[in-house]
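In our numbering, the protein residues as written are 35 to 158. Below you'll find the structure, written out as structure tokens, and then a few comments.
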């Protein structure tokens with residue numbers, strides 16, 4: 035069996051429909067092979083404690099390698115963003131969950147856990 039890296043239009047429509055059905059706010063972002071995108075994905079991965087290697091499904095190289103291989107990122111990539119403000123605990127994270135590929139069961143489980151940044155972070 036050959037593993038596919040990219041989502042089809044039908045798969046994307048299914049994922050978007052699932053997000054609508056579960057009342058999730060979302061936005062789509064095309065990942066370009068540029069410095070801004072590299073900074074963006076590195077920041078999200080760092081904040082969520084997620085290895086860049088997992089986006090590609092292989093060991094990655096430097097920023098130039100990332101740009102040259104941007105089309106090899108496994109898609110879709112779902113990023114759970116929390117509503118973090120100055121009133122949030124110091125250890126609250128903007129991003130705490132990343133899923134590569136559409137796994138309906140895992141996303142549903144995450145939704146059921148809730149996304150309250152105060153409830154989901156250990157008090158130090």
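Cβ atoms here follow ideal geometry from the backbone N, Cα and C, with glycine treated the same way.
Can you check DSSP and say which residues form a bridge with residue 114?
Taking the chain shown and counting its residues from 1, the one referred to as residue 114 is at position 80. BP columns for residue 114 point to 131.
In chain order, which alpha helix (DSSP H) runs of at least 4 residues are fully inside the stretch 77-116?
86-90 and 97-102
Residue 71 (DSSP reduced to helix, strand or coil)
Numbered from its first residue, the chain shown carries residue 71 at position 37. Helix at residue 71.
In angstroms, rounded to a whole number, what distance separates the CA positions of residue 97 and residue 106?
Indexing the chain shown from 1 puts residue 97 at position 63. Indexing the chain shown from 1 puts residue 106 at position 72. Taking the straight line joining both Cα atoms gives about 14 Å.
Exposed or buried, what is residue 99 when buried is set at 16 or more other beta-carbons lying within 10 Å of its beta-carbon?
Counting from 1 along the chain shown, the entry for residue 99 is found at position 65. Exposed is the call here.
Tell me where the alpha helix (DSSP H) around residue 141 begins and ends.
For the purposes of this step, residue 141 is identified with residue 107 of the chain shown, where counting begins at 1. Taken as a continuous stretch (DSSP letters only), the alpha helix (DSSP H) holding residue 141 covers 138-147.
Roughly how many whole angstroms lie between the Cα atoms of residue 56 and residue 73?
Indexing the chain shown from 1 puts residue 56 at position 22. Indexing the chain shown from 1 puts residue 73 at position 39. Roughly 30 Å between the two C-alpha positions.
Euclidean distance between Cα positions of residue 139 and residue 104:
Residue 139 sits at position 105 when you count from the first residue of the chain shown. Residue 104 sits at position 70 when you count from the first residue of the chain shown. Near 27 Å, if we compare the C-alpha coordinates of residue 104 and residue 139.
Looking at C-alpha atoms only, which residue of 66, 70 and 109 is the closest neighbour of residue 49?
Against the chain shown, residue 49 aligns to sequence position 15. In this structure, 109 is the residue among 66, 70 and 109 with its C-alpha nearest to the C-alpha of residue 49.
Please report how far the alpha carbon of residue 155 lies from the alpha carbon of residue 121, in whole angstroms.
The sequence position of residue 155 within the chain shown is 121, counting from 1. The sequence position of residue 121 within the chain shown is 87, counting from 1. Only weak support exists for where residue 155 lies, its pLDDT of 44 falling under 50; the value from the coordinates is given anyway. Spanning the two alpha carbons is a distance of roughly 14 Å.
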